[in-house]
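Sequential numbering from 2 applies to the sequence shown in our numbering.
Inspection log for the structure reproduced underneath, given as structure tokens.
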Amino acid sequence: MHDNFGLQCLQAFSRVVPASCLVFYRVDRNLRARDFQLLHMDRRTHRDYLAHYRDFDPLQPALCRDERQPVIPLRQAMARQGGEARRIYQGFLARHGIRDVVEVIAHDRQRPLVGISLLRTGPNPAFDARELQCLDGLRGLLDLAVRQWPVEQEDPLPTLAALTPREQQLALLLREGLSNKDLARELDLGLATVKTHLIHLFRKTGARSRTELVRRLFP
2 MHDNFGLQCL QAFSRVVPAS CLVFYRVDRN LRARDFQLLH MDRRTHRDYL
52 AHYRDFDPLQ PALCRDERQP VIPLRQAMAR QGGEARRIYQ GFLARHGIRD
102 VVEVIAHDRQ RPLVGISLLR TGPNPAFDAR ELQCLDGLRG LLDLAVRQWP
152 VEQEDPLPTL AALTPREQQL ALLLREGLSN KDLARELDLG LATVKTHLIH
202 LFRKTGARSR TELVRRLFP
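Okay, structure coming up:
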């Protein structure tokens, strides 16, 4: 049902506000985008985004929540992004010829449930104020639609026992407040390897900070 719903949403949005390509996705309880559906988007662009850039995206659901609004243009999101993250994400946009992006988030009782990304590439102009107003009107209908979805059981958050032995060691040391250099020294690992393990832990738990990661693994 959701596959058809997502495609219908993309087609409806593209008829009202033209875009070079669109993406529909669900938002899980960790505020992570998942179950993507693409319309007119090059799959190589999407794979590159998921593999290397999604954590630098200022329009990812966890950051959009902080904006406290349902329709967010890229220029607004990037204005509050850190310098290094902004530089990396601008590199992705330039690499794939993306001129502008706007994010539309649908909520149920203040929880984000689904999102739609509209992208313009090449010489196409940025989204203007009138188009953003149109998207806000469509977002109201999207809110009403997703509130009718049946409640789905999501996969439980991973426990310490579900991690690899090395990740368990790392998590136990994180609980003691060790820095990356201390972790590398304690586990006899290179600093880059420690950072890779940390990235995997953050992705598995959906945590956005060390404090949140420890809290989720050691409730």
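Just so it is clear, CB atoms sit at the ideal spot from N, CA and C, and this is done for glycine as well.
Around the C-beta of residue i, are 16 or more other C-beta atoms found within 10 angstroms, so that it is buried, or is it exposed?
| i | result |
| --- | --- |
| H198 | buried |
| S118 | buried |
| P124 | exposed |
| A193 | exposed |
| E104 | buried |
| T160 | exposed |
| R81 | exposed |
| I200 | exposed |
| L1 | Nothing can be reported for residue 1, as the shown portion of the chain is limited to 2 through 220. |
| A34 | buried |
| L143 | buried |
| L145 | exposed |
Going by C-alpha distance, which of the options is nearest residue i?
| i | options | result |
| --- | --- | --- |
| P19 | A107, R112, D101 | D101 |
| G7 | T122, M79, V115 | V115 |
| L164 | F219, R44, Q70 | F219 |
Using 8 Å for Cβ pairs, my map puts residue i next to residue j. What's the rounded Cβ distance?
| i | j | result |
| --- | --- | --- |
| K205 | N181 | About 18 Å separates the two Cβ atoms, so there is no contact after all. |
| I89 | F57 | 5 Å |
| L175 | R211 | 6 Å |
| V17 | L139 | 6 Å |
Does the Cβ-Cβ distance between residue i and residue j come in under 8 Å?
| i | j | result |
| --- | --- | --- |
| S15 | L32 | no |
| C22 | M42 | yes |
| I99 | L120 | yes |
| L75 | L51 | no |
Sorted by chain position, which residues of the same chain lie with C-beta nearer than 8 Å to residue i's C-beta, five sequence neighbours on each side aside?
| i | result |
| --- | --- |
| P113 | V28, L32, P62, C65, R66, I106, A107 |
| R167 | L188, H198 |
| G191 | A185 |
| D49 | F93, R96, H97 |
Closer than 6 Å by C-beta to residue i: which residues in its own chain qualify, once you throw out the five before and the five after it? Chain order, please.
| i | result |
| --- | --- |
| D137 | V72 |
| Q154 | Confidence in Q154 is poor, its pLDDT being 49 and thus under 50, which makes the residue's placement unreliable; the coordinate value appears in the next sentence. Cβ within range, chain order: n/a, list empty. |
| F25 | G7, C10, L11, Q38, I117 |
| A86 | F57 |
| C135 | V17, V18 |
| A13 | none |
| E213 | none |
Within its chain, find whatever has a CB closer than 7 Å to the CB of residue i; leave out the 5 residues flanking it on each side and keep chain order.
| i | result |
| --- | --- |
| T46 | H97 |
| D109 | V147, R148 |
| M79 | P59, R87 |
| Q169 | L161 |
What do you reckon, is the C-beta of residue i under 7 Å from a heavy atom of the ligand MN?
| i | result |
| --- | --- |
| Q70 | Ligands are entirely absent from the displayed structure, and the ligand MN is therefore not among its contents. |
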